[in-house]
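Heads up, the thing below is written out as structure tokens.
Residue numbers (my numbering), protein chains in the order written: chain A, 3 to 203; chain B, 347 to 645.
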């Protein structure tokens, strides 16, 4: 059975999740990537959307304007690590509960997730049409002057996922754990290949 | 067909092709992903591959860009010196990028340097990027269209090594890039490696390596063997789809090379994500065309 989170998300629900779990989302998901993070954390500007209990998506979509609003065409995750510099303060300031993106994030986000009870999850990168079909409606857009990718698109989503929990509230970081394993494996592999490419003699 | 009609015909072909290749993966990539998917047995790897397959089906069905990041459009052109529209190619490709942006639609990805404004058209200073090769005495044109998202452009880097570092230094560099940045670039990846005597040469070749059809090896036997070794080695790391760990890491490793200076070995890496959107089209002087990357497709 699908495990579904619904906004506003409660701390207790998040505390039951462990890195590697797969969940889906019902409710509000707001796109938020480089520029709004910078504006809030570095420039001290107030976000025009109240994110308390909601989810953000590190994503810059393709949308088209229709008579009575906007239509989601294609929306997939962007590299979350770009927001690492800001995410801890961002969580503290906004009360956001679920951060969806791609790839891992670092120690700042882990600390933010642990302290303020939030999780980071991965939506499979490049699966942007799949994600778009899980957006029921774009309710509004803010900061459109930043351009299509950077604007805050307020989306109502239904069973949005799969979302693979990569950072939980307990300090686990799936990608960092994997990275250590990959680096351990790398050493003997590289040594073996190097022994076979000594072409300069 | 007079010249005006030819310009119009080529503009239409390139607009449609730019739009098409942003929605459909090339045949070799689709086949490779299927092969890699069948080797996975872990739950997370399968969840991800299933989403990828479902996504490509939805993109076909709904006629939409399969990944939202349709990149900054690039055209790698091999144009015959006798191609009748040689002087018009640049304008035609610029118009094609502009029109495809509206038609597909593609995401707006051209941000002007210093002004730091997104032009909203996918055209801007030197964009779409056009790389030129002139083929003497040929009458047609071959165009590789490429859309790389930010995610797989981010790992792109290069380094100029001293000869003492040897080809071993090349291997170490590639593996370091892959374990530090590859995870976030949407694996399974295509790894393009350029080797030459200076960094610009290596960088250009690393990008061109991404256009070689999957499964075709470097023409030099040592080059081919080095590709095989690195491909196996990277797969043994087991980055898996999306870096969540699995049986494989890459769709392939391609090297392109140029003779180097005795004192330097420059190496550069360009990465293609699993949604590797490359498209190859051959247009003849009479404006008939053949799409080699997506067989059987007419625009």
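For every residue, glycine included, the Cβ atom is placed at its ideal position computed from N, Cα and C.
Secondary structure of residue i, DSSP reduced to three states
| i | result |
| --- | --- |
| residue 452/B | coil |
| residue 510/B | helix |
| residue 77/A | coil |
| residue 151/A | coil |
| residue 624/B | strand |
| residue 354/B | helix |
| residue 476/B | strand |
| residue 650/B | No answer is possible for residue 650/B: it lies beyond the span of chain B, which begins at 347 and ends at 645. |
| residue 503/B | strand |
| residue 28/A | strand |
| residue 113/A | helix |
| residue 201/A | coil |
| residue 33/A | strand |
| residue 645/B | coil |
| residue 142/A | strand |
| residue 125/A | coil |
| residue 60/A | coil |
| residue 8/A | strand |
| residue 164/A | strand |
| residue 612/B | strand |
| residue 83/A | helix |
| residue 428/B | coil |
| residue 564/B | coil |
| residue 104/A | strand |
| residue 465/B | coil |
Top-ranked residue by Cα proximity to residue i, from the options
| i | options | result |
| --- | --- | --- |
| residue 181/A | 381/B, 580/B, 585/B | 585/B |
| residue 411/B | 457/B, 364/B, 421/B, 466/B | 364/B |
| residue 513/B | 641/B, 617/B, 540/B | 540/B |
| residue 389/B | 7/A, 22/A, 168/A, 179/A | 22/A |
| residue 424/B | 634/B, 632/B, 626/B | 626/B |
| residue 40/A | 76/A, 91/A, 149/A | 91/A |
| residue 118/A | 169/A, 61/A, 191/A, 62/A | 169/A |
| residue 601/B | 608/B, 550/B, 623/B, 644/B | 550/B |
| residue 429/B | 639/B, 406/B, 632/B, 643/B | 632/B |
| residue 620/B | 498/B, 387/B, 641/B | 498/B |
| residue 628/B | 643/B, 615/B, 533/B | 643/B |
Assumed close pair residue i, residue j - CB separation to whole angstroms, cut-off 8 Å
| i | j | result |
| --- | --- | --- |
| residue 457/B | residue 463/B | 7 Å |
| residue 177/A | residue 105/A | 7 Å |
| residue 583/B | residue 595/B | 5 Å |
| residue 613/B | residue 195/A | Contact doesn't hold; Cβ gap of about 14 Å is too wide. |
| residue 394/B | residue 590/B | 6 Å |
| residue 496/B | residue 617/B | With a Cβ gap of about 11 Å, residue 496/B and residue 617/B do not count as contacting. |
| residue 414/B | residue 62/A | 7 Å |
| residue 33/A | residue 59/A | 5 Å |
C-alpha distance - residue i paired with residue j, whole-angstrom precision
| i | j | result |
| --- | --- | --- |
| residue 142/A | residue 73/A | 11 Å |
| residue 562/B | residue 374/B | 11 Å |
| residue 398/B | residue 129/A | 6 Å |
| residue 110/A | residue 183/A | 21 Å |
| residue 66/A | residue 560/B | 35 Å |
| residue 382/B | residue 593/B | 8 Å |
| residue 156/A | residue 31/A | 6 Å |
| residue 475/B | residue 48/A | 37 Å |
| residue 152/A | residue 427/B | 43 Å |
| residue 4/A | residue 28/A | 12 Å |
| residue 45/A | residue 171/A | 28 Å |
| residue 101/A | residue 20/A | 15 Å |
| residue 460/B | residue 443/B | 23 Å |
| residue 367/B | residue 116/A | 43 Å |
| residue 604/B | residue 436/B | 27 Å |
| residue 451/B | residue 95/A | 35 Å |
| residue 122/A | residue 187/A | 26 Å |
| residue 520/B | residue 477/B | 25 Å |
| residue 588/B | residue 392/B | 11 Å |
| residue 408/B | residue 132/A | 10 Å |
| residue 191/A | residue 569/B | 18 Å |
| residue 68/A | residue 146/A | 16 Å |
| residue 652/B | residue 455/B | The displayed coordinates of chain B run from 347 to 645. Any statement about residue 652/B would go beyond what the structure contains. |
Test: residue i CB closer than 8 Å to a CB of chain D
| i | result |
| --- | --- |
| residue 83/A | Here chain D cannot be found, since the structure's protein chains are A and B. |
>> Against chain A, which members of the stretch 586-617 of chain B pass a CB distance test of less than 7 Å?
In response: Cβ proximity to chain A below 7 Å picks out 588, 589, 590, 591 from the stretch 586-617 of chain B.
>> Can you pull out the residues from the stretch 143-173 of chain A whose beta carbon lies closer than 7 Å to at least one beta carbon of chain B?
In response: Per Cβ criterion, the list reads 149, 150, 151, 164, 166.
>> Output needed in chain order: residues of the stretch 45-76 of chain A with a Cβ under 8 Å from some Cβ in chain B.
In response: Cβ contacts with chain B come from 61, 62, 63, 64, 66, 75, 76.
> When you check each C-beta in the stretch 363-389 of chain B against every C-beta of chain A, which residues fall closer than 7 Å?
Replying inline: Of all residues in the stretch 363-389 of chain B, none has a C-beta nearer than 7 Å to a C-beta of chain A.
> Which residues, in order along the stretch 127-139 of chain A, keep a beta-carbon less than 9 Å from a beta-carbon of chain B?
Replying inline: Taking 9 Å as the Cβ-Cβ cut-off against chain B, the residues of the stretch 127-139 of chain A that qualify are 127, 128, 129, 130, 131, 132, 133, 134, 135.
>> Closer than 7 Å between beta carbons: that is the criterion. Which residues of the stretch 482-506 of chain B meet it against chain A?
In response: For the stretch 482-506 of chain B, which is checked against every Cβ of chain A, the residues closer than 7 Å are 496, 497, 500.
>> Residues of the stretch 613-644 of chain B in Cβ contact with chain A at a cutoff of 7 Å, in chain order, please.
In response: From the stretch 613-644 of chain B, only 619, 620, 621 have a Cβ closer than 7 Å to chain A.
>> Along the stretch 95-112 of chain A, where does the CB come closer than 9 Å to a CB of chain B? Name the residues.
In response: With the criterion set as a beta carbon lying under 9 Å from some beta carbon of chain B, the members of the stretch 95-112 of chain A are 104, 105, 106, in sequence order.
> Closer than 7 Å, Cβ to any Cβ of chain A: which residues of the stretch 386-411 of chain B, in chain order?
Replying inline: So the close ones are 390, 393, 394, 397, 398, 400, 401, 404, 405, 408, 410, 411.
> Going along the chain, which residues of the stretch 512-544 of chain B sit with their C-beta nearer than 7 Å to a C-beta in chain A?
Replying inline: Taking 7 Å as the Cβ-Cβ cut-off, the stretch 512-544 of chain B approaches chain A at 512, 513, 514, 517, 518, 521, 525, 529, 530, 532, given in chain order.
> Any residues in the stretch 552-579 of chain B with a beta carbon nearer than 8 Å to a beta carbon of chain A? Which ones, in chain order?
Replying inline: Within the stretch 552-579 of chain B, the residues whose Cβ lies closer than 8 Å to some Cβ of chain A are 568, 571, 572, 575, 576, 579, listed in chain order.
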